Amino acid sequence: MTAKELKPNSNIFAVGAIDWDRRLFDELIPLPDGTTYNSYLVKGKDKVALLDTVDPTKTQVLLDNLKELKIDRIDYVIAHHAEQDHSGSIPAVLAAYQMAKVVTNVKCKELLKEHLLVPEEKFITINDRETLSLGDKTLEFILAPWVHWPETMFTYLKEDKILFTCDFLGSHLATSDLFAVDECRVYSSNKRYYAEIMMPFRTSIRQHLEKIKTLDIKIIATSHGPIFDKPDMILDAYKDWSSEEVRNEVVLPYVSMHGSTAEMVKYFTDALMKRGITVKPFNLSRVDIGELAMALVDAATVVIGSPTVLVGPHPLAVYAAYLANALRPKTRFVSIVGSYGWGSKMVETLSGLISNLKVEVLPPVVVKGYPKPEDFAALDSLADQILKKHQQSGVVK
Ligand code: FEO
Numbered sequence: 001m002t003a004k005e006l007k008p009n010s011n012i013f014a015v016g017a018i019d020w021d022r023r024l025f026d027e028l029i030p031l032p033d034g035t036t037y038n039s040y041l042v043k044g045k046d047k048v049a050l051l052d053t054v055d056p057t058k059t060q061v062l063l064d065n066l067k068e069l070k071i072d073r074i075d076y077v078i079a080h081h082a083e084q085d086h087s088g089s090i091p092a093v094l095a096a097y098q099m100a101k102v103v104t105n106v107k108c109k110e111l112l113k114e115h116l117l118v119p120e121e122k123f124i125t126i127n128d129r130e131t132l133s134l135g136d137k138t139l140e141f142i143l144a145p146w147v148h149w150p151e152t153m154f155t156y157l158k159e160d161k162i163l164f165t166c167d168f169l170g171s172h173l174a175t176s177d178l179f180a181v182d183e184c185r186v187y188s189s190n191k192r193y194y195a196e197i198m199m200p201f202r203t204s205i206r207q208h209l210e211k212i213k214t215l216d217i218k219i220i221a222t223s224h225g226p227i228f229d230k231p232d233m234i235l236d237a238y239k240d241w242s243s244e245e246v247r248n249e250v251v252l253p254y255v256s257m258h259g260s261t262a263e264m265v266k267y268f269t270d271a272l273m274k275r276g277i278t279v280k281p282f283n284l285s286r287v288d289i290g291e292l293a294m295a296l297v298d299a300a301t302v303v304i305g306s307p308t309v310l311v312g313p314h315p316l317a318v319y320a321a322y323l324a325n326a327l328r329p330k331t332r333f334v335s336i337v338g339s340y341g342w343g344s345k346m347v348e349t350l351s352g353l354i355s356n357l358k359v360e361v362l363p364p365v366v367v368k369g370y371p372k373p374e375d376f377a378a379l380d381s382l383a384d385q386i387l388k389k390h391q392q393s394g395v396v397k
């Protein structure tokens, strides 16, 4: 990547790296479209600041971009977040630019000392709404905990009206476009990113959206994915995703061993569709968990389908329940469908795994062996109940 100026003659440059080939994040999250680690250089009349660095695997790209811009002095490295995909090249930058100080909040400082062994004397700590002058440019720091870790913060560049938000409002999308040009693709990548990373922090997100409402923002510059010169696109999406509004949808993650649960899921999917409910079934034996997480963003109801394995649920159903519990979607209703051969504690085990979800549990349908006419009738009855719950709670308009 070569450095790119955000606007002509702005003296603000994107100097980060594109990771076209990365396919997994945190050894957990699939990255079908790679990612970027965005880092920004802001050249003021008197001082020069680098906002975030890049993943340690891309340190050389960052250093080469700085060299290309003939940067021989960096005064401040602003650390918005201690996670290594943004902070991991700080030690290399400090080694290359020895007068540079790391500017961050107290919590982030502690994490950087612990994880990257940055020495105490290298830090300048700041508080919420404190400012730092670069001469003709002013950085205002805005503490924004829990998007994604407890130390996360933003920087507002006052004169240029640019808000740097690090993970918040970002996406894992490797593209040569600096700005969000392909809006459909960017929206989808941002929703996936929100679902996988931001969804557990909905309350904090709503607070931060409220806090930045007072700012005049022309550009939102994230540290992953394309950036926004039409900020409303991403701000409106986040308002929607983080709101309490749910849709007339059922997410149906399932797994089947010998066909009984699969037959129930097939019948149940049709039963829900006949009642005008959108259904999103996910076969857990070949699911992309990012797609499943995205479906959880809006759905009013989740129904897990599982056979019984050694008395309990299938391990893939355990994984789906654990994931949903960790991501804390705004789901309102949950149920379970499935089967067993001779005995089952599947419902008890799965119910115990979703204690974070503030949901009403609807009576499960668990059958012995292959489903029979009365079992299909029970599935119809569950579909009726879901429709009624959606109607009563205003999900069906
Ligand atoms: Fe992109 Fe939480 O790091």
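So that you can map any letter, position 318 of the sequence shown is 318 in the numbering used here, and since no number is skipped, the others follow by simple counting. Glycine included, every Cβ here is placed at the ideal spot set by N, Cα and C. Predicted model, so just to flag it, every value in this text is computed and none were measured.
Alpha carbon to alpha carbon, how far is residue i from residue j?
i    : j    : result
D128 : P91  : 25 Å
R206 : S242 : 7 Å
W20  : L209 : 30 Å
V297 : S339 : 28 Å
V246 : L63  : 45 Å
F333 : Y187 : 27 Å
A3   : D75  : 19 Å
F160 : K358 : With the sequence shown as reference, residue 160 is identified as Asp, and Phe is not the correct amino acid for it. Using only the alpha carbons, I get a separation of about 42 Å.
L134 : A221 : 19 Å
N190 : W342 : 45 Å
R185 : K43  : 32 Å
Y194 : I212 : 18 Å
H81  : S381 : 49 Å
F179 : F154 : 19 Å
P329 : A271 : 24 Å
D33  : A17  : 14 Å
H172 : P30  : 10 Å
L157 : E68  : 24 Å
K389 : I234 : 31 Å
T131 : I142 : 9 Å
M346 : E110 : 43 Å
E5   : I354 : 47 Å
G276 : Q392 : 15 Å
K122 : D72  : 18 Å
H148 : A79  : 14 Å
I386 : E244 : 18 Å
E348 : T308 : 12 Å
S89  : A49  : 15 Å
D136 : I162 : 15 Å
A326 : M198 : 11 Å
I'd like to confirm something about residue i: is its beta-carbon nearer than 8 Å to some heavy atom of ligand 1, or not?
i    : result
W146 : no
G343 : no
C166 : yes
D33  : no
H258 : no
W20  : no
H81  : yes
I197 : yes
H86  : yes
S133 : no
G170 : yes
S223 : yes
W241 : no
Could you tell me which residues DSSP puts in a beta bridge with residue i?
i    : result
E244 : None, per the DSSP bridge assignment.
F179 : I227
L50  : L41, V77
M153 : L143
E249 : T278
L24  : P30
N283 : Y254
P307 : S339
K101 : Y76
E5   : F13
E360 : F333
L132 : L139
My guess is that residue i and residue j are in contact by the Cβ rule of under 8 Å, so how many angstroms apart are they, rounded?
i    : j    : result
T104 : T125 : 7 Å
P226 : T175 : 6 Å
V398 : L284 : This structure cannot settle anything about residue 398, because the visible part of the chain is limited to 1 through 397.
W146 : F228 : Contact flag wrong, Cβ pair sits at about 21 Å.
S306 : V255 : 6 Å
E249 : A320 : Contact flag wrong, Cβ pair sits at about 16 Å.
E196 : A293 : 5 Å
S335 : L316 : Actually they do not touch by this definition, with Cβ atoms about 18 Å apart.
H224 : T35  : 6 Å
Would you please verify whether the beta carbon of residue i is less than 9 Å from any beta carbon of chain D?
i    : result
K211 : Here chain D cannot be found, since the structure has a single protein chain.
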